[in-house]
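Accompanying notes for the structure given below.
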Amino acid sequence: MLYNIFIDPFVQMAQMPDLLVQTLWEGLVSGVLYALIALGFVLIFKASGVFNFAQGIMVVFSALTLVGFYDKFSAAGFSGHVAAFVALILTAAVMFVLAMLVERVVLRPLVNQPDIILFMATFGITYVLIGFGEMVFGGDPKQMIASELYLPSGSVDVEMLGGLVSFQKIDIAAAVIASVMIVGLALFFQKTRIGRALRAVADSHKAALSVGISLNQIWVIVWFAAGLVALVTGIMWGARSDVSFALEIVALKALPVLVLGGLTSVPGAIVGGLIIGIGEKLGEFYWGPLLGGGIESWFAYAIALLFLLYRPQGLFGDKIIERI
Amino acid sequence: MNAASETLLAVDGVSLSFGGVKAITDVSFDIRKGEIRAIIGPNGAGKTSMLNVVNGFYHPQHGRITYKGKTRPRMRPYQAASQGIARTFQNVALFRGMTTLDNIMVGRTLKMHRGLLWQMLRYGPAMREEIEHRRVVEDIIDFLQIEAIRKTPVGKLPYGLQKRVELGRALAMEPELLLLDEPMAGMNIEEKEDMCRYILDLNKHFGTTIALIEHDMGVVMDLSDRVVVLEYGHKIADGTPEVVKADPKVIEAYLGVGH
Amino acid sequence: MFYRETGQFKQSYAADQAVFPILQDRLGLAVILLVAFVAVPLFGNEFLLASVMVPFLILSLGAIGLNILVGYTGLLSLGSAAFMGVGAYSAYKLSTIFPGVNILVWILCSGFFAAGIGVLFGLPSLRIKGFYLAVATLAAQFFLQWCFVRISWLYNDNPSGAIEVPARTLFGLAITGPSATPVTRYLVVLVIVAVMTLLASNIVHGRIGRTWMAVRDMDIAAQLMGIRLLPAKLLAFAVSSFYCGVSGALMVFLWLGAAEPSAFDIKLSFLLLFMVIIGGLGSMIGSFFGAALIHILPIVIRMLPEALGLPIAAATVEHLTYLIVGALIIFFLIVEPHGLARLWQIAKQKLRVWPFPY
């Protein structure tokens, strides 16, 4: 028994390194996508202190909107790359409108309420988006317009370590795009005037207001940014499988990523995403059979819980010094 | 006060640092039974940290604390509370969602013993216990003259009253040693006078030993029996108000060099 | 005018420490109990009893459980549905292993199993706080749900993977299983919920309740008052999970009749949290308000188009329900972030000073 748990999986890893590499790669890719969802959470949490539960559904919603626009165009005989990019821009516009609405209808009246109330309000947003999305787009899974957006398909097979490891091109693209986006966001936060305002708001709403930063404007910007992150995540995730509301459960996976990294840390979201993604795939592949499989549903949470017991504020979260 | 009376609490060579920041460096002083002991010093001198060490919220890296004859490297909050050390806070730390009455009743927690089963029934022994402690709490409410706000959630009270409720909560623990962290900060003259009277009453009539942090020098010099002065985490003076007032190091700390 | 405590002088602290010190409150409570115990069973039709009242009461009990944890102790939990599941599965196992013992005994006993599991998953709460804790409780949610699927012993190797309620009687009257009438089931649930609500209300008004609220409002100060955080928090987890567990057992035995693991999925956890927050954190009556709103609202929305004669497809109604419930959650949060219980207080205040505005 102990052998099966503590030794055998490692023996397997050593014996078939190609399988290990394949598993690691898959973990890495899903980790990147978790990280992208978590990134949307972090953006909003940093700037408004709102734990935005709706981020996951925003991913689905934006992907559905994109596909929905494209379907309308192609039904009107306008298809191909140009139509796809027009749909992309229109979807971005929809996300902007959504950000405005959220700020206007939900955040502004709830300013200065306790965190948990705002958290609950984002549940309300989630429900509204699910209801609205299903009503407009229907509940069926849809095909992401990957090739129209110049996203590669197929795979690269590399012979290594005595076996064949297969890398999906879309996964490589996802990793590259995610990295570009993360660097871009980091630069935006550090170097621009709006980025500085964002960080000020994150520190203290009142102090930011007192130096003339418009909270409402900042909130629209971060929700829009989070919407764009959601859109990119939705495209990537949709290209790997279908676009449907089943993605919602995947979005829940972003929560352990988030707390693992620390709620306010962008690098934390990325490192957390990779740890969870890789840990989950390794756990499922090597330890899952011992427990009868399906452990992917909770393994991520168990990892997060163990890390939190060691560091309650997450890996990169600010250390909490209690004063009185 | 009787200068020869026994020592209640002695702090011996305590040092405390957070990471690289030294909050307290090698401070020793004692508090005698029945006295009013003031701790003063400029902002950031380590006064509040000192109180936190005494009631176990911070754990010092070096030094010993002797309380009621027992020496420990550090206190634990529960130990401190159950041994009769009560405390008020610089930034009022009341339970904001609860009423004045409930806040003070929390102070009785350690003296109430009926378990979950009796509590569920709220009958017989549990109810008798509740009434008995309510009576004690009402005495405190009388003493502090806060009858009118008994059932008001403390979050809605003005600052001065909150401070008073906080004192009440500490008193409910029937402390032997009462630590007051700036009990008069932000108060107007009348409120300050009231607070002074409460402190003196407590000390004279109930014999409670009091350690007091305060910035109002008039109050400190009038109330306290002995004063310890901290600066940058070091002790720079210790003695009766007259001695401390005349100490050149204290004058320097407060008024700057070359005065 | 209508609700005024003037002239009601308390002669003793005992009278003043009562849970309902004001006469009108006691009268109101008596009326509610009278309606619940007499009028509803006499005049309610089967739909009202079986599909509205029974679920409403059971969910209220679960909401009270969660409220003890979130509202009174300030520990955010997203795992309450899993603890309900623990109650349901342990009641099922106990009742099939020992069929001779009365089912109500096992339903109440199942609470202890849920309490034990709750304490286990409550242990991290000493170190982990706030949203971090909420995510940590999600570990309980997903892990336990996985257990309900994977450990076939829990559902007696039933090929459908579901637990089915055996028929059981009390004093010769069927209370579970297909032959139990809605009236009997309603009355059984009502008695259990009423008694457990009373006990919970007693706990939160006494020393233990004050300890919990002190931990919630300022844990550092609570510690320095001599409250030990770990026992206080674990006790909250235990009591809360006990209530959730009993509520879960009732849900399967007296409401659904059979349940799959997905009955205890994260959606139910969220629904309970909605109830607690919309009803009012730290309020017993709020738990009932919240359960009523969240459970009854979708029923009304579903029935409305039919009643108005609008031809809307069932799927559309389902989506509309989501949309409207979501919008209403936001609406209620904006109108009164402290929940329906606070609205109730404000209403009482208005009645007190009526006909004057202040």
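Residue numbers (my numbering), protein chains in the order written: chain A, 314 to 637; chain B, 225 to 483; chain C, 83 to 440.
Virtual Cβ for every residue (Gly too), placed ideally from N, Cα, C.
Under the Cβ distance rule, residue 314 of chain B does not count among the residues neighbouring chain C, no pair being separated by less than 8 Å. Within the region 306-375 of chain C, the runs of alpha helix (DSSP H) at least 4 residues long that lie entirely inside it are, in chain order, 311-332, 348-361. In the three-state DSSP reduction, residue 104 of chain C falls in the coil class, being neither helix nor strand. The region 235-245 of chain C and the region 181-196 of chain C do not touch, with fewer than 3 CB-CB distances between them shorter than 8 Å. Interface residue (Cβ-Cβ distance to chain C less than 8 Å): residue 306 of chain B is classified as such. Chain B has a Cβ within less than 8 Å of the Cβ of residue 306 of chain C. In the structure shown, residue 324 of chain B adopts helical secondary structure according to DSSP, grouped into three states. Assignment of residue 455 of chain A by DSSP, reduced to helix, strand and coil, places it in the strand class. Taking residue 136 of chain C as the centre and dropping the five residues before and after it, the same chain places the C-beta of 264, 267, 268, 271, 336, 337 closer than 8 Å to its C-beta, in chain order. By the CB criterion at 8 Å, residue 145 of chain C and residue 168 of chain C fall outside the cutoff. Proximity of residue 217 of chain C to chain A, defined by a Cβ-Cβ separation below 8 Å, is satisfied. In the three-state reduction of the DSSP assignment, residue 398 of chain B falls in the coil class. Near chain C, meaning a CB-to-CB distance below 8 Å, the residues of the region 608-619 of chain A are 608, 610, 611, 614, 615, 617, 618. Residue 481 of chain A: member of the beta strand (DSSP E) spanning 476-481, first to last residue. Residues are counted here when their Cβ sits less than 8 Å from a Cβ of chain B; for the region 110-142 of chain C the count is zero.
Residue 171 of chain C and residue 112 of chain C have their C-alpha atoms some 35 Å from each other.
The beta-carbon separation of residue 450 of chain B and residue 464 of chain B, rounded to 6 Å, stays under the 8 Å limit for a contact. The DSSP-derived three-state label of residue 414 of chain B is helix. Judged by beta-carbon spacing, residue 376 of chain A lies beyond the 8 Å limit of residue 386 of chain A, meaning their Cβ atoms are not closer than that value.
Using a Cβ-Cβ cut-off of 7 Å, residue 318 of chain A is close to nothing in chain C; its nearest Cβ partner there is about 17 Å away. Going by DSSP, residue 466 of chain B is part of the alpha helix (DSSP H) stretching over 465-470. A check of alpha carbon separations from residue 211 of chain C across C:238, C:253, C:297, C:194 identifies C:297 as the nearest.
Within chain B, 344, 345 have C-beta atoms less than 8 Å from the C-beta of residue 281 of chain C, given in sequence order. Taking C-alpha positions only, residue 410 of chain A is separated from residue 410 of chain C by approximately 21 Å. Taking 8 Å as the threshold, the shortest C-beta distance from residue 298 of chain C to chain A does not fall below it. Remark: C-beta atoms of residue 596 of chain A and residue 585 of chain A do not approach each other more closely than 8 Å.
Residue-level contact check: residue 398 of chain C touches chain A, since one or more beta carbons of chain A fall below 8 Å from its beta carbon. With contacts defined as CB atoms closer than 8 Å, residue 481 of chain A and residue 492 of chain A fail to qualify as a contacting pair. Counting C-beta atoms within 10 angstroms of its own C-beta, residue 454 of chain A has fewer than 16 neighbours from the protein chains shown and is therefore classed as exposed. In summary, residue 417 of chain B is exposed, with fewer than 16 beta-carbon neighbours lying within 10 Å of its beta-carbon over all protein chains present. Spatial neighbours of residue 334 of chain C in its own chain (CB-CB distance under 8 Å, excluding positions within 5 residues in sequence) are listed in chain order as 170, 173, 174, 245, 247, 340, 341, 345. Counting the other Cβ atoms within 10 Å of the Cβ of residue 235 of chain C gives fewer than 16, which makes it exposed. A distance below 8 Å between beta-carbons, with the five flanking residues on each side excluded, links residue 589 of chain A to the following residues of its chain, in chain order: 344, 347, 566, 569, 570, 573, 613, 616, 617. With fewer than 16 other Cβ atoms from the protein chains shown falling within 10 Å of its own Cβ, residue 438 of chain C counts as exposed.
Of all residues in the region 327-360 of chain C, only 348, 352, 355, 356, 359, 360 place a beta-carbon less than 9 Å from a beta-carbon of chain A.
Cβ-Cβ distances below 6 Å link residue 353 of chain A to 368, 539, 542, 543 in the same chain, with the five nearest sequence neighbours on each side left out; the list follows chain order.
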